[in-house]
Each structure stands twice: as structure tokens, then as C-alpha cells.
Amino acid sequence: MNMQLEGKVYPPYRLRPDRALAAKMLAGQGFAAAPKDVPPTYFIYLRGETRGVNLFTDLDIPRDRALQAGQRYEWFAPIGWDDEVEVTARIAKLTAKESKSGKLWFADIEFEYRLLPARTLALRELTRVVKRG
Amino acid sequence: MATLKPGDVIFDEARPGASREQLVQFSAGTEDPNPVHTDDDFAKRAGFATVLQQGPMTTAHFAMLLAARFGARLKTLDVTFTAPVFVGDALRLVAKVESVGDEIVCALAAHKPDGTQTARGTATIKP
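Residue numbers (the numbering used here), protein chains in the order written: chain A, 1497 to 1629; chain B, 6 to 132.
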């Protein structure tokens, strides 16, 4: 893992919730109905990958060695269908550990979602990605 | 809404195992390009018996169940994945009140029918 990237802040990108993507999330969870509200975990780190936050490439985490260890969401203000948010990603912490099955690397990445145009903090997401040795 | 107290069960919900089609849908909906959720050969090369259910699907289940009950009073959700969930694995999702004070703290757990714990966590709710 590229440990020197700890602290890296990516250039912000913008997102609007998409009803079609939200409907697919819900269908994946087993719900056929169209989502009334933006699902609470609609905003997710994965959406950054095609918007310049190339975490797996930058951190050198091949997909076949990647796992996800956890997620944390902190909600500050509701985000509606018509809202636009500015998203800033930061590689908050990188750690390496020895386990019974070999070396593991942990990457904690923090995403802040701010409602535009006021840039009011609406959501903070922390995701922990693991690279298996 | 009745006053909550430590030990109260917020929900104890069974979720049927997600099908391959559901995993494909969830990956599409979250813009997740990882083939470990959709391609059996890739999952096997990565060391798994079959395709993995997405960890964020467990988070999404917890978030929706909590939001349905508490709406905007839901402040935080913290989930740690402790074991892989495979296609077709049913889950039991439980949220229990741990403490009540300036905020309500709930303990969360997800288990497979064989008892394997696949996730644990906490949620905090504004009283």
C-alpha cells in the first residue's frame, strides 16, 4: 500500500442523487418500490472512483486482494433529490498489521458531503478498506 | 413513541439471502465495479467459494431499518464487518438499546442462521 498517501486530500467533485441508481440499490436489498426519499447510505465512497478519487489504484489495492472492514455514517442535515453536494475525500489513516494469515493494510478514508451552494456539512462517511497480503 | 430503555429491542429482522441478480443490482446502484460481488471465477481466484454480498448492503439494511423508526433523529451509524456474507446467505439483523442519555445508543449485530456474526456496530439517535 502506498503509505505516503496518508493525509492526501482529493479535489472536490459534485454529486446529485440519482433516482435510478437509488432504485437499483433498493432492488439489490430486495425492495421493489421506488425510493420515496434519498436512501440514508445512498452517498458512498464508491461513487468517487469514476470522479477522480481512484482509491484502489492510488493506494495499490488490487481488487482481488481488497476487502471492506467497515463504514461509519454521521448525518448532519437531510439531502433531498434536488440537492447538489460537493464531496471531498481525504485519506485519513493508513496502518499495517501482521495477522495469523499474513500482512494486512488498512486504509481509513473520510468523505465529507456539503450541500451547495452554502457548503453546509450534511454528511460525513468514513470507510475502512483492507488490502490482504 | 414509548420511552426507550436499555435492553429494549428496536428491531429483530430476518433478511432472506440476496440472489446473484440482487448483488448485480446493488453493485450497479452503488457504482461498485468490484467483480468479487458479481463474477464467480473472480471470487474464486480471490480465495472465496463464491461471490460475496457487499458489506455496504448490511450497512444499508441497518440504516433503512433505523431511519424507518427514527427518521432524522438517526445521527450516526458505525458498522464493522466481521465475516464474509455470500450470495444466498440469509441474515438476522438486531438493534438493541444499550444506553439512554444525551443520546440513545443502540448496539447492532448481524448473524447468519448458523450463528456466524457477520457485522457488529453502534447507532446513536437523538432522544
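Backbone N, C-alpha and C fix where the C-beta goes; we use that ideal spot for every residue, glycine too.
Item	Value
For Pro-1535/A and Asp-13/B, the rounded distance between their alpha carbons	26 Å
C-beta contact flag for Ala-112/B and Lys-101/B at 8 Å	yes
Cα-Cα separation, Thr-127/B to Lys-80/B	11 Å
Nearest to Leu-57/B (by Cα), restricted to the options Ile-130/B, Thr-129/B, Glu-26/B and Val-99/B	Glu-26/B
Same chain, Cβ closer than 8 Å to Gly-1548/A, five either side skipped, listed in chain order	Tyr-1506, Pro-1507 and Tyr-1509
Backbone secondary structure at Gly-1566/A - three-state DSSP	strand
Under 7 Å (Cβ pairs) to chain B, residues found in the stretch 1565-1591 of chain A	Ala-1565, Gly-1566, Gln-1567, Arg-1568, Tyr-1569, Glu-1570, Trp-1571 and Pro-1574
Own chain residues within Cβ distance below 7 Å of Ala-48/B, not counting five before or after	Val-41, Thr-55, Val-56 and Leu-57
Residue range of the unbroken beta strand (DSSP E) whose run includes Ser-32/B	Premise fails: Ser-32/B lies in the alpha helix (DSSP H), 25-35, not in any beta strand (DSSP E).
Under 8 Å between C-beta atoms of Ala-1565/A and Phe-1602/A	yes
Which listed residue (Thr-123/B, Val-29/B, Ala-124/B and Ala-114/B) has its alpha carbon closest to that of Phe-16/B	Ala-114/B
Residues of its chain near Arg-78/B, where Cβ-Cβ distance is below 7 Å and the 5 sequence neighbours each way are ignored	Ile-130 and Lys-131
Leu-1517/A: first and last residue of the uninterrupted alpha helix (DSSP H) it sits in	1515-1524
Own chain residues within Cβ distance below 6 Å of Lys-1593/A, not counting five before or after	Leu-1600
3-residue-minimum beta strand (DSSP E) runs that sit fully inside the stretch 1589-1617 of chain A, ordered along the chain	1598-1611
Rounded C-alpha distance that separates Leu-98/B from Met-1521/A	18 Å
Within chain B, partners of Ile-1540/A - CB distance below 7 Å	Thr-35 and Pro-61
Rounded straight-line distance, which links the Cα of Ala-1523/A to that of Gly-22/B	13 Å
Below-8 Å beta-carbon distance, Thr-85/B vs any chain A residue	yes
Segment contact, 8 Å Cβ cut-off, at least three pairs: the stretch 1570-1577 of chain A with the stretch 1545-1559 of chain A	no
8 Å Cβ cut-off: residues of chain A touching Lys-117/B	Going along chain A, no residue has its Cβ under 8 Å from Lys-117/B, so there is no contact; the nearest lies around 16 Å.
DSSP bridge partner residues for Gln-122/B (one or two, in chain order)	His-116/B
Beta-carbon spacing of Met-69/B, Phe-31/B below 8 Å	no
Residue nearest to Lys-117/B in terms of C-alpha spacing, selected from Val-110/B, Gly-76/B and Phe-86/B	Phe-86/B
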